[in-house]
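Participant:
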Amino acid sequence: MRREAFAIMLHLLSFFLITGWTTATFSSPELEFPAAMFPNEVKETSDFDSLSPSILRGFPCATLAQLDDIRVQQFARALKRKDVRLRRDQLSCLAERLTLYGILKDFDEFPKDLILFVSPLDYTGSCEEHISRIGKANLELLEKGSPERTRLLSEGLSCLKISGVQVTKEEAEVLGGLVCDLGADYIVASGINLLKELNRCPSFTLDQIKAIRDVLQKGDAPLGPPSEWSPSTLNELTGLIRTFNPSILQMIPKDVLIPWLKQYAERFHMPRKQLQSLVQVFWSKLQSSRQKRDTGECSPDQTITDEMLKDELLPIWYSPEDLKACLKGQRLVESLPTISSYAFTYDQLLALKQNLDQEFPNGYPSSLLPNMGFLMPVTNEEDIKKWNYTSPETLNSLLSVLPEDDMAKLLIERYVDSGGPMNGTALDAIGTRYACLLTQEQLNQIDENALKTATQFNPSKCSQPILDNLYPKAKRAFSDRHNEFPAYYTFIQPYLGGAPAEDLRALSKNNVNMDIETFERLKKESVLPLTVKDVRALLGTNLKQLPDHKDNPTIRAWIHNQKQSDLDSLAIALSGGLPNGYINIPRLSRRKKREI
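Just so we're aligned, residue 1302 is where the sequence shown starts under the working numbering, counting upward by one.
The following block contains the structure:
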């Protein structure tokens, strides 16, 4: 049994190669739209440090337009002191405002990720210092392989005068996170010099993985070959575990690997969905080699004790057959809240579900459903049709395991058909991930109060019919705040894809500084009537990004609808408008032509 379990562990670790997961993956993701909205009163506060990090995290770029230069700097320093993690759009507009009137000094006083959006020309300090700051920033704010990250790496290599593919340990420390973008040739040539920085990388390409394996198997000092590794060595290489293949794992001494794995599982409590997927893959690899035992009786040495039920590695020690024989009836029902977060494989889940089906042949009681999410991989449409639940909390529990869209749609449908209210709690359960699955009938059951209380519901990327349905409700929901900017804009922004032209004009008078992504998702028939003056006021500081997005269908149509002389007044090199003297005559529909 122990030998078999050890083999399972090896496959568990090697699965990291497929998933590309790291310890960073196990932390809770930042909310795209923070729950705490930035209060309108912030522009009047005399002490930004008095605001909590959750409040500061929600600031919209429009706020900066309401602060003078001194207060913008005070605000940025408060963000640094409070260690507030900001989104890319927030950092971009903050950097633009801070560098608008001069070169930045005392950079240590500002958020460290700001450096990603500050040109070396706007920053005092040597290029080495500039690159070192970039290497310590959160490069994941920029997409890997993007022109921005490629440029930063090129600047780093040029600054350090690295012309070949060999990087010293000292140079790697300066590059920091930029090492994650070095090609396989750099990794092979530089060897162990890069491992410390590579250990912190959130993902690797296949070529990088192969190169890292070559370096590890080579076993240069001070690391040594895998056969000489200790628990402290594995701790140092935690971020590289996903690159280990079976040949590396087999070389690590068993009395080192097994205790370390136990500590690792206890230290990093991985989210349920990731654990389930991970274990499912490595168990599927073992199916052909594992000898099945299906006597239907629980062997005395496999009895599942209370202590064992608390062990997160339970799925490693018990086969599907063991679980089916040893964990059933009321014992299984009582253990659901505990084991629902464990990394069961598909076959293990199926065994547990069969035991529950035997216990409840006519469907599960509603009291059981909040703990049933982990069984979604083995649950089908007929199963869900037997469920009756009207609690938004139960809906949240079932959707929190992130089922596939078709199953999520069925869960929402069952909730609504059972009489569950489409209130703010239900909308938060549906969240941004499943917002676009809602039917017109379900949308009609949402009233403005639900939109007002929901904090995790964002339909901004949904279809036009959904946005057309929700925008009027959102406008009514936040009507009591319509004179409060930037608060009103923050609330209404996710629904603006359904806004008419007159509402967009109204927004343009309030310095909202609409980000270009939101502008791209506006309804075309609402954008076309906007004048150059309207768009300038609507985008504010983001106007300069318009040329880079001119191929967007809505933006392109708007450009073609404007006089070129008006576009030239924007001073952003935007071409494609109507030549002077031309008049744009709207195209008539066939019906209108017949009427004429």
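Ideal placement from N, C-alpha and C gives every residue a C-beta, glycine not left out.
1) Please classify Leu1696 as buried or exposed, where buried requires at least 16 other C-beta atoms within 10 Å of its C-beta.
2) Could you check whether Asn1750 and Ala1778 sit closer than 8 Å to each other, using their CB atoms as the reference points?
3) With burial defined as no fewer than 16 other Cβ atoms inside 10 Å of the residue's Cβ, what is the status of Asn1814: buried or exposed?
4) Inspect the CB distances between the stretch 1774-1791 and the stretch 1821-1838 and report whether three or more fall short of 8 Å.
5) Take Trp1530 and list the residues in its own chain whose beta-carbon comes closer than 7 Å to its own, dropping the five residues that flank it on each side.
6) Under a CB-based cut-off of 8 Å, is Arg1388 close to chain D?
7) Considering only the beta carbon of each residue, do Ala1652 and Lys1611 sit closer than 8 Å?
8) How about Pro1801 and Asn1759: do their beta carbons lie closer than 8 Å?
9) Closer than 7 Å by C-beta to Gln1846: which residues in its own chain qualify, once you throw out the five before and the five after it? Chain order, please.
10) CA-CA distance, Leu1657 and Gly1630?
11) If Leu1479 and Leu1495 are in contact, beta carbons under 8 Å, what's the gap, nearest whole angstrom?
12) Measure the alpha-carbon distance for Asp1607 versus Pro1560 and round it to whole angstroms.
13) Mind checking which residues open and close the alpha helix (DSSP H) that includes Met1723?
14) If you count every other CB in all the chains shown that lies within 10 Å of the CB of Thr1425, and 16 or more means buried, which is it?
15) For Leu1483, name the three-state secondary structure that DSSP assigns.
16) Which residue or residues does DSSP assign as beta-bridge partners of Lys1864?
17) Comparing alpha-carbon positions, which option in Cys1627, Lys1762, Ser1667 lies nearest Gly1732?
18) Which same chain residues, not among the five before or five after Leu1879, have their C-beta less than 8 Å away from its C-beta?
19) In whole angstroms, what separates the C-alpha of Glu1622 from that of Lys1654?
20) Counting only the same chain and skipping the five closest in sequence on each side, list residues whose C-beta sits under 8 Å from that of Gly1465.
21) Do Met1677 and Met1708 count as a contact pair if the criterion is CB distance below 8 Å?
22) Put Tyr1690 into one of helix, strand or coil per three-state DSSP.
23) Answer yes or no: do Gly1798 and Leu1768 have a C-beta to C-beta separation smaller than 8 Å?
24) State the start and end residues of the unbroken alpha helix (DSSP H) segment that holds Cys1460.
25) Distance, Cα to Cα, Glu1430 vs Ala1396?
26) Since Tyr1402 sits in a beta bridge, which residues does DSSP pair it with?
27) Please go through the same chain and pick out, in chain order, the residues whose beta-carbon is closer than 8 Å to the beta-carbon of Ser1420, but skip the five residues on each side of it.
28) At what residues does the alpha helix (DSSP H) containing His1431 begin and finish?
29) Taking the alpha helix (DSSP H) that Asp1835 belongs to, which residues open and close that run?
30) Confirm, please, whether the CB-CB distance from Lys1774 to Asp1804 is below 8 Å.
31) Terminal residues of the continuous alpha helix (DSSP H) containing Phe1376?
32) Using the Cα positions of Asp1867 and Asn1853, report the straight-line distance between them to the nearest angstrom.
Facilitator: Inspection of the coordinates gives the following:
1) Position 395 of the sequence shown, counted from the start, is the residue given in the question as residue 1696. Classification for Leu1696: buried.
2) Along the sequence shown, one-based indexing puts residue 1778 at 477. Along the sequence shown, one-based indexing puts residue 1750 at 449. Yes, Cβ-Cβ distance for Ala1778 and Asn1750 is below 8 Å.
3) Stepping through the sequence shown from its first residue, residue 1814 is reached at position 513. With 16 or more other Cβ atoms within 10 Å, it is buried.
4) no
5) Here residue 1530 refers to the residue found at position 229 of the sequence shown. So the qualifying residues of the chain are Ile1553, Val1557.
6) Within the model displayed, chain D is absent; a lone protein chain is all it includes.
7) Here residue 1652 refers to the residue found at position 351 when the sequence shown is read from its first residue. Here residue 1611 refers to the residue found at position 310 when the sequence shown is read from its first residue. Result no, Cβ atoms of Ala1652 and Lys1611 do not sit closer than 8 Å.
8) As a first step, residue 1801 must be located in the sequence shown, where it is residue number 500. As a first step, residue 1759 must be located in the sequence shown, where it is residue number 458. Cβ distance not < 8 Å, so Pro1801 and Asn1759 don't count as in contact.
9) Start at 1 with the first residue of the sequence shown, and residue 1846 comes out as number 545. Taken in chain order, the residues that qualify are Ile1817.
10) One-based indexing of the sequence shown puts residue 1657 at position 356. One-based indexing of the sequence shown puts residue 1630 at position 329. Cα to Cα, Leu1657 sits roughly 7 Å from Gly1630.
11) Here residue 1479 is taken as the residue at index 178 of the sequence shown, counted from 1. Here residue 1495 is taken as the residue at index 194 of the sequence shown, counted from 1. Incorrect: roughly 11 Å between the Cβ atoms, too far for contact.
12) As a working note, residue 1607 is residue 306 in the sequence shown. As a working note, residue 1560 is residue 259 in the sequence shown. Their Cα atoms are separated by approximately 21 Å.
13) Taking the sequence shown and counting its residues from 1, one reaches residue 1723 at position 422. It is not in any alpha helix (DSSP H) - Met1723 carries neither H nor E in the DSSP assignment.
14) As a working note, residue 1425 is residue 124 in the sequence shown. It is exposed - the Cβ of Thr1425 has fewer than 16 other Cβ atoms within 10 Å.
15) Here residue 1483 refers to the residue found at position 182 when the sequence shown is read from its first residue. Coil, per DSSP.
16) For the purposes of this step, residue 1864 is identified with residue 563 of the sequence shown, where counting begins at 1. Paired residues: Leu1879.
17) For the purposes of this step, residue 1732 is taken as residue 431 along the sequence shown, with counting starting at 1. The residue with the shortest Cα to Cα distance from Gly1732 is Lys1762.
18) The residue given as residue 1879 occupies position 578 in the sequence shown. Result list for Leu1879: His1861, Asn1862, Gln1863, Lys1864, Gln1865, Asn1885, in chain order.
19) The sequence position of residue 1622 within the sequence shown is 321, counting from 1. The sequence position of residue 1654 within the sequence shown is 353, counting from 1. Taking the straight line joining both Cα atoms gives about 13 Å.
20) For the purposes of this step, residue 1465 is identified with residue 164 of the sequence shown, where counting begins at 1. Ala1490, listed in sequence order.
21) Against the sequence shown, residue 1708 aligns to sequence position 407. Against the sequence shown, residue 1677 aligns to sequence position 376. Yes. Within cutoff.
22) The count along the sequence shown starts at 1 and reaches residue 1690 at position 389. Of the three classes helix, strand and coil, the one that applies to Tyr1690 here is coil, per DSSP.
23) Translated into the one-based positions of the sequence shown, residue 1798 becomes position 497. Translated into the one-based positions of the sequence shown, residue 1768 becomes position 467. Cβ distance < 8 Å, so Gly1798 and Leu1768 count as in contact.
24) Along the sequence shown, read from residue 1 onward, the residue named residue 1460 stands at position 159. Note, Cys1460: alpha helix (DSSP H), 1448-1460.
25) Walking along the sequence shown from the start, residue 1430 turns up at place 129. Walking along the sequence shown from the start, residue 1396 turns up at place 95. Their backbone Cα atoms lie some 18 Å apart in a straight line.
26) For the purposes of this step, residue 1402 is taken as residue 101 along the sequence shown, with counting starting at 1. Paired residues: none, contrary to the question.
27) By 1-based counting over the sequence shown, the position of residue 1420 is 119. Contacts found: Thr1400.
28) Counting from 1 along the sequence shown, the entry for residue 1431 is found at position 130. Where His1431 is concerned, the enclosing alpha helix (DSSP H) stretches over 1428-1437.
29) The residue labelled residue 1835 in the question sits at position 534 within the sequence shown. Its alpha helix (DSSP H) spans residues 1833-1840.
30) One-based indexing of the sequence shown puts residue 1804 at position 503. One-based indexing of the sequence shown puts residue 1774 at position 473. It is not a contact, given that the beta carbons lie outside the stated cut-off.
31) Counting from one through the sequence shown, the residue named residue 1376 turns up at place 75. 1370-1382 is the extent of the alpha helix (DSSP H) around Phe1376.
32) Along the sequence shown, read from residue 1 onward, the residue named residue 1867 stands at position 566. Along the sequence shown, read from residue 1 onward, the residue named residue 1853 stands at position 552. Their Cα atoms are separated by approximately 20 Å.
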